[in-house]
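These notes concern the structure reproduced below.
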Amino acid sequence: MSKIILTGDRPTGRLHVGHYVGSLRRRVELQNSGEFDKIFIMIADAQALTDNADNPEKIRQNVIEVALDYLSVGLDPAKSNLFIQSQISELTELSFFYMNLVTVSRLQRNPTVKAEIQMRNFEASIPVGFFTYPISQASDITAFKATTVPVGEDQLPMLEQTKEIVRKFNSVYGEVLVEPEILLPDNEACLRLPGTDGKAKMSKSLGNCIYLSDTEEDVRAKIMSMYTDPDHIKITDPGKIEGNTVFTYLDAFSKPEHFAEFLPEYNNLDELKEHYKRGGLGDVKVKKFLNNVLQDELAPIRARRAEFEKDIPEVYNILKKGSDVAREAAAETLAEVKRAMKINYFEDKALIEEQSEKYSR
Ligand code: TRP
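So for the sequence shown, the working numbering puts the first residue at 1426; every next one is plus one.
Printed below as a string of structure tokens:
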């Protein structure tokens, strides 16, 4: 069986370093591993509209931002199909059929949907489209017969829902759809990178994100004001690593070679942590090191973005080409689905014959 990746992001803002360690970095590795037959990376504008119905311009503006972020981290249109969800109408058709395989109570139990409803104060009036987006996400995944879905752990319930739909569909109509596997980040710190203020989630409204497109100076300023251990006041005080954002970021970003290059007094992160816990190591020194590490990772991304920004029509062209390829793949699956459901009336010769027999008697 061929190995196929499908994943994507809602275009509600520029992508940040949390997206990077949580998923983007891995995608590029997977892309370059050569192990996958097809890779589809989707800008999920239709899903973003399910809770931004009043604000379509925000989504429209951010499609290109996300595309630039994708290209800048090294997703290569020659290897990965970058496309826009709303341009693939086959996806909505699949959703319409899958809706019959899912109950309202099952959707109500989806932990991600539950949390998001609370976060958006939707309790009193949930848009139906938003409520059913796990079904639409199942269409995104199954339309491409994805075997592998690299996403953050917040997407686990979506994958569960997708697998249930696949099993249900296949048991009712025959084996057509493929059960996908989630691929989570392998590093604990990458599962959910905290905001620069130490809050669990990076979010634009909290102003605690480091964006991939931030300037070198922005990144430095954000790191220098990062949350650390509030009880670590004098340099000689012993410090805490746990919940210390600077160390969480180092867990996510630092590599052994960074020590040799930027902080040769230490061999590795464990030694640095030990010194911090003992006391005698100041926050500023650790922050400067983190700044070097992060700038090292972000500089090539920034440079690539600047190149693509010079030819925006070409970026739209990349998305158009990717969407054409995606549409073809989704159309093939949709045709199989309709055949399995026996709603392919006009190509069903046996049906037409059977009906004419019935009436010629
Ligand atoms: N729900 C994802 C997010 O919020 C975006 C998304 C839509 C997606 N469809 C998908 C991710 C299919 C993986 C697979 O970012």
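Beta carbons are placed, not taken as given, at the ideal position from N, Cα and C, and that holds for glycine.
Keep in mind it's a predicted model, so treat the numbers as computed, not measured.
Does the distance between the C-beta of Thr1432 and the nearest non-hydrogen atom of the ligand TRP fall short of 6 Å?
yes
Extent of the continuous alpha helix (DSSP H) to which Asp1708 belongs:
Asp1708 to Glu1734
Of the residues Asn1769, Met1583 and Gly1747, the one placed nearest Ser1505, counting alpha carbons only:
Gly1747
Specify the secondary structure class of Tyr1770 as computed by DSSP and reduced to three states.
helix
Within 8 Å, do at least three Cβ pairs link the segment 1710-1719 to the segment 1637-1651?
yes
Is Leu1694 near Leu1719, with beta carbons less than 7 Å apart?
no
Where DSSP assigns a beta bridge to Phe1465, which residues make up the other side?
Leu1431 and Asn1506
Using DSSP's beta-bridge definition, name the partner residues of Val1574.
Ile1607
Nearest to Ser1497 by alpha carbon, out of Lys1745, Glu1515, Glu1739 and Arg1727?
Arg1727
How many Å lie between Ser1762 and Gly1577 at the Cα?
Residue 1762 is actually Val in this sequence, not Ser. Looking at the two C-alpha atoms, the distance is approximately 29 Å.
Could you pull the DSSP bridge partners for His1441 from this structure?
Tyr1636
Under 7 Å, do Ile1635 and Val1442 count as touching if we go by C-beta distance?
yes
Buried or exposed for Leu1631, going by 16 or more other Cβ atoms inside 10 Å?
exposed
Could you check if Phe1555 is buried or exposed, using at least 16 other CB atoms within 10 Å of its CB as the buried criterion?
buried
Between Ala1473 and Thr1437, how many whole angstroms is the CB-CB distance? I'm expecting something under 8 Å.
5 Å
Considering only C-alpha positions, which residue in the set Glu1548, Ser1448, Gly1459 and Val1446 is nearest to Lys1428?
Gly1459
Over what stretch of residues does the alpha helix (DSSP H) that includes Glu1490 continue unbroken?
Pro1481 to Val1498
Helix, strand or coil at Met1627 [DSSP, three-state]
coil
Below 8 Å on the Cβ atoms is my guess for Gly1620 versus Ala1765; work out the distance and round it to an integer in Å.
That belief does not hold up - the Cβ atoms of Gly1620 and Ala1765 are roughly 46 Å apart, past 8 Å.
Examine the Cβ distances between the segment 1561-1568 and the segment 1587-1607 and report whether three or more of them are shorter than 8 Å.
yes
Quick one: what does DSSP say Val1762 is sitting in, helix, strand or coil?
helix
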